[in-house]
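Below is one structure; the comments refer to it alone.
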């Protein structure tokens with residue numbers, strides 16, 4: 038057994054995924070390939086029997102805590118988390134889990150899997166729907182099969198061109214959302230209403246009149262009731278509208294087909310009619326003004 042290879046594998050798992058092998062068998066080894074499609078990271082991972090730990094310390098020091106998807110292709114995997122039932126995967130099954138909470142992955146036999154990570158906010162799914170998915174395992178037929186193939190293609194064949202990469206990244210996010218909804222539990226009345234409001238907001242982002250008041254009126258609710266409905270969600274209604282608009286602007290600024298549109302014109306496509314307001318919001322969320330982001334992104338894609 039090559040101790041140098043085992044040490045390198047330990048370093049790789051810690052640096053790429055924030056996973057700890059220090060308490061595991063020192064003979065643990067593996068191989069990792071990775072790619073980036075849009076804002077989605079994809080990986081193909083293989084290894085021998087081992088346990089991988091996501092600790093509270095690793096979470097505290099991580100720059101981000103994305104949602105992670107694992108499609109097991111050989112071997113067996115058990116996902117363990119405090120307070121939750123273990124999820125055992127066999128080849129052809131998928132698990133979705135939150136890297137913001139501690140967990141352990143235990144692999145038996147020679148194993149390999151296709152993995153994808155994406156920021157939770159990119160999914161724009163209600164908390165209850167996504168949290169329910171974290172407790173499930175999914176068969177690969179349906180959206181899971183297409184998603185797994187997309188991950189594998191991005192790794193083994195590569196994606197040619199920045200534009201293709203962006204669109205396929207969006208497709209991966211949509212496929213993951215479709216997979217989540219395949220096992221969504223029946224909604225309680227409040228949750229069904231939240232889902233309807235999410236859809237209404239998405240469908241009306243281009244309207245400058247979209248606001249907390251218009252959303253409440255469209256659903257025959259008082260503003261107070263609407264706010265109360267979203268108390269347990271990641272974003273309130275006003276924040277949700279703002280973030281979804283900014284995500285659409287962010288996406289359009291990366292699209293070379295829209296390069297002849299001004300930044301303001303792109304903002305107006307999504308209900309933001311003030312250049313100064315758009316610049317302020319975009320900088321607060323993404324760290325740079327929209328014009329600078331667009332210039333740098335399109336220059337890099339050229």
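Numbering (the numbering used here), first residue to last: 38 to 339. For glycine and all other residues, C-beta sits at the position ideal for the given N, C-alpha and C.
*asked:* Which same chain residues end up closer than 6 angstroms to residue 42 when comparing Cβ atoms and leaving out the 5 residues on each side of it in sequence?
replied: Setting aside the 5 residues that flank it on each side, residue 42 is surrounded in the same chain by 66, each with a C-beta closer than 6 angstroms to its C-beta; the list follows chain order.
*asked:* For the structure I just gave you, are there three or more beta carbon pairs, one from the segment 184-198 and one from the segment 146-158, closer than 8 angstroms?
replied: Enough Cβ pairs lie closer than 8 angstroms, so yes.
_Ordered list of alpha helix (DSSP H) runs contained in the segment 186-243, each at least 4 residues_ = Within the segment 186-243, the runs of alpha helix (DSSP H) at least 4 residues long that lie entirely inside it are, in chain order, 199-219 and 226-240.
*How would you write the range of the alpha helix (DSSP H) that residue 255 sits in, first residue to last?*
Run containing residue 255: 249-255, per the alpha helix (DSSP H) assignment.
*asked:* Using only the alpha-carbon positions, how far apart do residue 138 and residue 286 sit?
replied: Roughly 30 angstroms between the two C-alpha positions.
*With which residues is residue 58 paired in a DSSP beta bridge?*
Looking at the DSSP assignment, residue 58 forms no beta bridge with any residue, so it has no partner.
*Hey, residue 253 and residue 242: beta-carbon distance below 8 angstroms or not?*
Inclusion of residue 253 and residue 242 in the CB contact set at 8 angstroms is not warranted, their separation being larger than that value.
*Given residue 63, which residues of its chain have a CB within under 8 angstroms of its CB, disregarding the five upstream and five downstream residues?*
Non-local beta-carbon contacts of residue 63 in its own chain, meaning distances under 8 angstroms to residues more than five positions away in sequence, involve 40 and 43 in chain order.
_Own chain partners of residue 38 with C-beta closer than 7 angstroms, once the 5 adjacent residues on each side are dropped_ = Reliability fails at residue 38, whose pLDDT of 48 lies under 50, so the model's placement of it is uncertain and no value is given.
_Euclidean distance between Cα positions of residue 272 and residue 78_ = Cα-Cα distance, rounded: 24 angstroms.
*Below 6 angstroms CB to CB, which residues in the same chain sit around residue 267 once its five sequence neighbours on both sides are set aside?*
Same-chain partners within the cutoff: 273 and 274.
_With H, G and I counted as helix, E and B as strand and the rest as coil, what does DSSP make of residue 163?_
Here residue 163 sits in coil by DSSP.
*Going straight from the alpha carbon of residue 325 to that of residue 333, what length do you get?*
Taking the straight line joining both Cα atoms gives about 10 angstroms.
*Just the C-alpha distance for residue 193 and residue 328, rounded to the nearest angstrom, thanks.*
If you draw a straight line from the Cα of residue 193 to the Cα of residue 328, it comes to about 34 angstroms.
*Pick from 55, 143 and 108: whose alpha carbon is nearest that of residue 178?*
With distances taken between Cα atoms, residue 178 lies closest to 108.
*Leaving out five residues before and five after residue 250 in sequence, what residues of the same chain have Cβ atoms less than 7 angstroms from its Cβ?*
So the list reads 260, once near-sequence residues are dropped.
*When the Cα atoms are used, what is the spatial distance from residue 311 to residue 298?*
Roughly 15 angstroms between the two C-alpha positions.
*Residues near residue 320 by beta carbon distance below 7 angstroms, same chain, minus five either side*: 326.
*Of the choices 103, 102 and 130, whose alpha-carbon is the least far from that of residue 115?*
With distances taken between Cα atoms, residue 115 lies closest to 130.
*Nearest-angstrom Cβ-Cβ length linking residue 80 and residue 87, presumed shorter than 8 angstroms*: That pair is no contact at about 16 angstroms.
*Three-way DSSP call (helix, strand, coil) for residue 303 in this model*: Residue 303 falls in the helix class under three-state DSSP.
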